[in-house]
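Colleague:
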Amino acid sequence: MLKSLGPLLAAACLMVSAAGAEAQEVRAAVLRVDYPSLLPISRYDLRTEDLAFAGAALADEDNNTTGRFMGQTYETVTVATAPETAAEEMRALLEDGIRYVVLDARAGEVTALSDMAAEAGALVFNVRAPEVALRGEACRANLLHIAPSVAMQADAVAQFAIWKQWKRWLLVSGSNPEDRALAEAYRRAARKFGATIVEEREFEDTGGARRTDSGHVLVQRQLPTFLQGTEAHDVVIAADATDYFAAYLPYHLWTPRPVMGSAGLRPVTIHAAHEAWGATQFQNRFEELTRRHVQEEDYNSWLALRVLGEAVTRTSSADPQVVEEYILSDAFELAAFKGQKVTFRQWNGQLRQPILLYDDRITVSVSPQEGFLHQRSPLDTLGLDAPETDCTAFQ
Amino acid sequence: MKHLMLSATLCMAATGAFAGKAFVSNERGNTITVVDTETWEVLDEFAGGNRPRGITLSPDGSLLYVCASDDDTVRVFDTETYEELYTLPSGPDPELFVIHPSGSPLYIANEDDNLVTVTDTADHTILAEVPVGVEPEGMAISPDSNWVVNTSETTNMAHFIDTSDYEIKHNILVDQRPRYAEYLDDGTRLFVSSEIGGTVSVIDVAEDGTPTLRQKIGFEVPGVLPEWLQPVGVKAKSDGSRIFVALGPANRVAVIDGASLEVVDYIMVGQRVWQMAFTPGEEYLVTTNGNSNDITVIDVAAEKAIKSIQVGQQPWGVAITPD
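Residue numbers (our numbering), protein chains in the order written: chain A, 1 to 395; chain B, 1001 to 1323.
1. Would you identify the three-state DSSP class for I327 (chain A), choosing helix, strand or coil?
2. Just the C-alpha distance for G1016 (chain B) and V1076 (chain B), rounded to the nearest angstrom, thanks.
3. Counting along the chain, where does the alpha helix (DSSP H) carrying Q159 (chain A) start and finish?
4. Work out the CA separation of W1274 (chain B) and G1218 (chain B) for me, nearest whole Å.
5. So what does DSSP say about K167 (chain A), is it helix, strand or coil?
6. Closest Cβ-Cβ distance between T1154 (chain B) and chain A: below 7 Å?
7. Between D1165 (chain B) and chain A, is there a C-beta pair that is closer than 7 Å?
8. So is R191 (chain A) buried or exposed if we call it buried at 16+ other beta carbons inside 10 Å?
9. Short of 8 Å in beta carbon distance, which residues of its chain neighbour T1154 (chain B), apart from the five on each side in sequence? Order them along the chain.
10. Run down chain B in chain order and give the residues with a C-beta less than 8 Å from the C-beta of E333 (chain A).
11. Do L249 (chain A) and V259 (chain A) have their C-beta atoms within less than 7 Å of each other?
12. Determine the extent of the beta strand (DSSP E) in which A118 (chain A) is found, giving its start and end residues.
13. Going along the chain, which unbroken runs of the alpha helix (DSSP H) with 4 or more residues stay wholly within the stretch 1170-1194 of chain B?
14. Should D62 (chain A) be flagged as near chain B, meaning a C-beta pair shorter than 7 Å?
15. At a cut of 8 Å, does the stretch 100-108 of chain A reach the stretch 123-143 of chain A through at least three beta carbon pairs?
16. For M1268 (chain B), does the count of other Cβ atoms within 10 angstroms reach 16, so buried, or fall short, so exposed?
17. DSSP state of Y244 (chain A), grouped into three classes?
18. Below 7 Å between beta carbons is the criterion; list the residues of the stretch 266-290 of chain A that meet it against any residue of chain B, in chain order.
19. Checking 7 Å against the spacing of the C-beta atoms, do L1247 (chain B) and A1254 (chain B) come in under that value?
20. Can you pull the DSSP bridge partners for K1235 (chain B)?
21. Using a beta-carbon distance cut-off of less than 7 Å, what residues from the stretch 322-354 of chain A approach chain B?
22. List the residues of chain B whose Cβ lies closer than 7 Å to the Cβ of A81 (chain A), in chain order.
23. Taking the beta carbon of W1316 (chain B) as the centre, do at least 16 other beta carbons fall within 10 Å, making it buried, or is it exposed?
24. Can you look up W1147 (chain B) in the DSSP assignment and give me helix, strand or coil?
25. Please classify G1197 (chain B): does DSSP put it in a helix, a strand, or coil?
26. Taking A1068 (chain B) as part of the alpha helix (DSSP H), name the residues at either end of that continuous run.
27. For T1279 (chain B), tell me which candidate among B:E1027, B:D1036 and B:G1029 has the shortest Cα-Cα distance.
28. Kindly list, in the order they appear in chain A, the residues whose Cβ is closer than 8 Å to that of G1133 (chain B).
29. Verify the CB distance criterion: does E1227 (chain B) have a CB-CB separation below 7 Å to chain A?
30. For Q375 (chain A), count neighbouring C-beta atoms within 10 Å of its own C-beta (all shown protein chains included) and say buried if the count is 16 or more, exposed if not.
31. Comparing the C-beta of D1204 (chain B) with each C-beta of chain A, is any distance below 7 Å?
32. Say whether chain A places a C-beta atom closer than 7 Å to the C-beta of E1095 (chain B).
33. If you run the structure through DSSP and keep just helix, strand and coil, what is V219 (chain A)?
34. For E1084 (chain B), which residues in chain A fall below 7 Å Cβ to Cβ?
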């Protein structure tokens, strides 16, 4: 499945170029790996066919509008693939001369596909995989992370809990490896910000109840008893990266407490009700183009291509080496409807950005929270800081 | 038209007898608050359409123009009776505009459509639509009226539109999210604020209108995170000696020396300060404070805030009647 995104602005080069530079054509791709998966707990979380692609279409429009004044054109192709054919698709893109790939895949594919891209001198933007290891020992010099790490997500939640003085946590996690990695990020966040995990419980993934057959009846009996007799706590922290139980937690606890993490108050990069800092304009443009609400992977891929566009605008170059060098330099900054500029961590290629705390209806708060300070930027209170990193690829 | 001319004449006759008025657009309250600029009392509040933001006056002060962003129109009010007289075609989502010194046309930034719409205020027709960068916002007109400047928030440029043929002749890249543009009265210099970049770009303008980026001015306030220093509204004194910059969530207005281009002071005002306007003679500068729902009056000579006045919900823009 290969199709061209957005209108090709053929007339673009006719415009007076502000930079006076020769015309540049910036070709990029969104490569999305679709995994066999169970239905989500909520229909709201069904993955749309144009997920991530729609954000790229908007980014092409935005970049081409700016490009008209710079003598630059942007064209992004989109490819959806099964995991088995992902390498083949990546090879085809690289052979086609594409040197910028927005990659929407899980960690296993991210490293392998990034290495393929590296051989061709191509730059990869990770818009999905949240694993800390990808930003640590498994980092790659040609791999930039737009998606926040689980450490950033956990720290965003932890700061809010501390700000609320909800320092006694009951950590409820899933039994899959991704759930356990997320739980570990919350343990680390608790240590980092001075919360106490008074008790942990693991809710085993045994296949779950079928929602279409009134699964809630069973859940309503199971969950409260599972959460009976815990130590006194202020808040329940849910670590369910595989989406099989956390959504049920808020009204099925034994002790009534707020839920944060994988349900209740969730850390997200965007949601369709986010309006602050001019985001209404982003939502309007996205909805006019796609006739649907924005999802995180759309925003992430839009942001990846805007990072690329901004670097091309400022350097007047479409060379991946020049572009990456600029992205990782102190000069790079970008407005992303988050109230402050987003920039990159030079030690591991991770985008610094505020994290929205979302209750499935509104932005409840935004982390970093007031009072969490850092000598470089408050954004570096979220996730792994330079002294903690295991990444050496950028040195 | 007869009716219009009549009401304009009446107003001109009456202006001498009345004190000045500040009109404040309340973005969330959907109202316009009227404040007496001598007593600083609220005189009235009237419906301003949905999401009123940009606000300006006809040169004689008789007509009030309001960008009703969510109504996709410019609403026109009588500044004495506060009656809505008619609407003007504006293109979708008008946010900010600037009026030609003659009273027509209006140059309107259409935030959602990457356009500047030029609207004749007498004929109520659209004269031109100029494609600009992504999320156009700031609008300024050069004192000789030869150029209209638009800033685009996501493209990060100031576009220089030639008013004779509506073509963009120059583009200047500035820092992230440019919000506002302000010419010096002698036309030699232009200031563009970048909200997320945290800077004001100083652009020198040659006699033929050609712009050159001269420098960028940054801000620093002890005890305030740099991320909160977000320049929005800019106003320059007519002699160019002082430039005032509203710093958004830093709740301060920076005072820049026009000669050295250095920040000399910060004046505390209300929360999330957006836009500003001088009273005639530049005795006072009025700021809109979006989060504290008030306006602050700054004594320009003393460079001190002297008073805050509660207005409607989320005040956005302010326009003050001429003498």
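Positions of the beta carbon are idealized from the N, C-alpha and C atoms, including for glycine. Treat the numbers as computed from the prediction; the structure is a model and nothing was measured.
Modeller: Quick answer:
1. helix
2. Unreliable placement is indicated for G1016 (chain B), whose pLDDT of 43 sits below 50; no coordinate value is reported for it.
3. V150 to W163
4. 18 Å
5. coil
6. yes
7. no
8. exposed
9. G1133, V1134, E1135 and R1177
10. D1175, Q1176, I1196 and G1197
11. yes
12. A118 (chain A) -> not in any beta strand (DSSP E); alpha helix (DSSP H) instead, spanning A107 to E119.
13. none
14. yes
15. yes
16. exposed
17. coil
18. G278, Q281, N284 and R285
19. yes
20. B:F1244
21. E333, L334, A335, Q340 and K341
22. For the record, residue 81 (chain A) in the displayed sequence is Thr; it is not Ala. What T81 (chain A) touches in chain B: nothing, since even the nearest Cβ is about 31 Å away.
23. buried
24. strand
25. coil
26. From DSSP, A1068 (chain B) is part of no alpha helix (DSSP H) but of the beta strand (DSSP E) over L1063 to A1068.
27. B:D1036
28. T65, T66 and F69
29. yes
30. exposed
31. no
32. no
33. helix
34. Neighbours of E1084 (chain B) on chain A: none; closest Cβ ~25 Å, over 7 Å.
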